[in-house]
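Okay, structure first, notes after.
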Amino acid sequence: MAGTGVFADVIEGDVYKYYCDGEWKKSSSTKSVAIINPTTRKTQYKVQACTQEEVNKVMEIAKSAQKSWAKTPLWKRAELLHKAAAILKEHKAPIAECLVKEIAKPAKDAVTEVVRSGDLVSYCAEEGVRILGEGKFLVSDSFPGNERTKYCLTSKIPLGVVLAIPPFNYPVNLAVSKIAPALIAGNSLVLKPPTQGAVSCLHMVHCFHLAGFPKGLISCVTGKGSEIGDFLTMHPGVNCIRY
Numbered sequence: 001m002a003g004t005g006v007f008a009d010v011i012e013g014d015v016y017k018y019y020c021d022g023e024w025k026k027s028s029s030t031k032s033v034a035i036i037n038p039t040t041r042k043t044q045y046k047v048q049a050c051t052q053e054e055v056n057k058v059m060e061i062a063k064s065a066q067k068s069w070a071k072t073p074l075w076k077r078a079e080l081l082h083k084a085a086a087i088l089k090e091h092k093a094p095i096a097e098c099l100v101k102e103i104a105k106p107a108k109d110a111v112t113e114v115v116r117s118g119d120l121v122s123y124c125a126e127e128g129v130r131i132l133g134e135g136k137f138l139v140s141d142s143f144p145g146n147e148r149t150k151y152c153l154t155s156k157i158p159l160g161v162v163l164a165i166p167p168f169n170y171p172v173n174l175a176v177s178k179i180a181p182a183l184i185a186g187n188s189l190v191l192k193p194p195t196q197g198a199v200s201c202l203h204m205v206h207c208f209h210l211a212g213f214p215k216g217l218i219s220c221v222t223g224k225g226s227e228i229g230d231f232l233t234m235h236p237g238v239n240c241i242r243y
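Quick note: the sequence shown, position 166, residue 166 per full-length UniProt numbering, numbers continuous.
Rendered as structure tokens:
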């Protein structure tokens, strides 16, 4: 079941925590956001209503964690992603349960989304180890006065802190489609899940936690868009936004 077993750390009482610096935390706001079950039209889950101060802290930690992660060899990044993918698929049942209750996704489709998400993480890991720079002679003698004597080298470097904001209809799949490419490329990742789909995303993030990624590299903040949405997207610590 959701919030039990290996996922017990994600919840306290009836409110799910947010993820920062490798730990599951309660917001200092002491407030929560209700997630309504579309089928019963009753409150199914509650998540933390994070504050702007907590967002600032998340960004500060993400920036610091990214610097050391960028120096981590590609093979090591890929190894951790493969591990996260395996854990995600191993625990597909409770995550699929959340999808059913949060966005009324049919049970079969919910399981498919989780499995496909794991496959996508592995795919990004495989493609990521082939992230290579290029070197070639410039064909620069097509213009009078120039000669074909220059050699061009390109190097692919991380952007920094990536903010991921997936939609509600495929909250897990469209979250990992942003998380995995960002991580394999050497970036840190801050996830702001949709309200309807937030608990599914929190369970997914815990799979990355269990895989052993460095503290601070992945964060997940929850709350009302009206309170932290613009603050996140306009934050000076963000180097890239993926919707």
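Glycine included, C-beta positions come from ideal geometry on N, C-alpha and C.
Alpha carbon of residue i to alpha carbon of residue j, nearest angstrom
i, j, result
"E79", "G128", "11 Å"
"T40", "N169", "18 Å"
"A84", "V115", "12 Å"
"S200", "I179", "15 Å"
"P144", "L81", "50 Å"
"K17", "G216", "16 Å"
"P236", "L163", "11 Å"
"A110", "L99", "6 Å"
"S68", "P181", "17 Å"
"Y19", "R130", "30 Å"
"W75", "V47", "35 Å"
"T195", "E134", "42 Å"
"T154", "A86", "34 Å"
"K92", "R148", "56 Å"
"V176", "V121", "7 Å"
"A125", "G186", "12 Å"
"V15", "C220", "15 Å"
"K136", "R77", "28 Å"
"A65", "T222", "20 Å"
"T233", "E54", "15 Å"
"P106", "P38", "12 Å"
Nearest residue (CA-CA) to residue i, options the options
i, options, result
"Y151", "I36, L159, D141", "D141"
"A198", "G13, S32, G22", "S32"
"S117", "E12, I95, A185, V162", "I95"
"D119", "V172, E134, E102", "V172"
"L132", "G5, I184, A211, P193", "I184"
"L174", "Y243, E90, D9", "Y243"
"G13", "Y45, G212, S226", "Y45"
Residue i: CB within 7 Å of a non-hydrogen atom of the ligand ATP
i, result
"T40", "Summarising the ligand content, the structure contains no ligands, and the ligand ATP is consequently not present."
Beta-bridge pairing of residue i - partner residues as DSSP gives them
i, result
"A34", "K46"
"Y18", "K25"
"A164", "L191, R242"
"G3", "DSSP lists no partner for G3."
"I11", "Y16"
"G135", "L153"
Beta-carbon proximity of residue i to residue j, cut-off 8 Å
i, j, result
"G160", "N56", "no"
"H206", "F7", "yes"
"S29", "T51", "yes"
"P214", "A70", "no"
"M204", "E97", "no"
"L189", "I218", "yes"
"K224", "A49", "yes"
"I11", "G3", "yes"
"I35", "E102", "yes"
The beta strand (DSSP E) enclosing residue i, as first and last residue numbers
i, result
"S219", "218–220"
"Y151", "151–154"
Residue interval of the alpha helix (DSSP H) (run including residue i)
i, result
"S142", "Segment: none, S142 is in no alpha helix (DSSP H) and carries neither H nor E."
"S188", "Note, S188: premise wrong, no alpha helix (DSSP H); beta strand (DSSP E) at 188–191."
"L81", "74–90"
"I157", "Segment: none, I157 is in no alpha helix (DSSP H) and carries neither H nor E."
"R116", "107–128"
"residue 251", "What the structure shows of the chain is the stretch from 1 to 243, and residue 251 is not part of that stretch, so it cannot be assessed."
"M59", "52–69"
"M234", "Run containing M234: none; DSSP gives neither H nor E here."
"N169", "Counting along the chain, N169 falls outside any alpha helix (DSSP H), and DSSP gives it neither H nor E."
"V199", "198–211"
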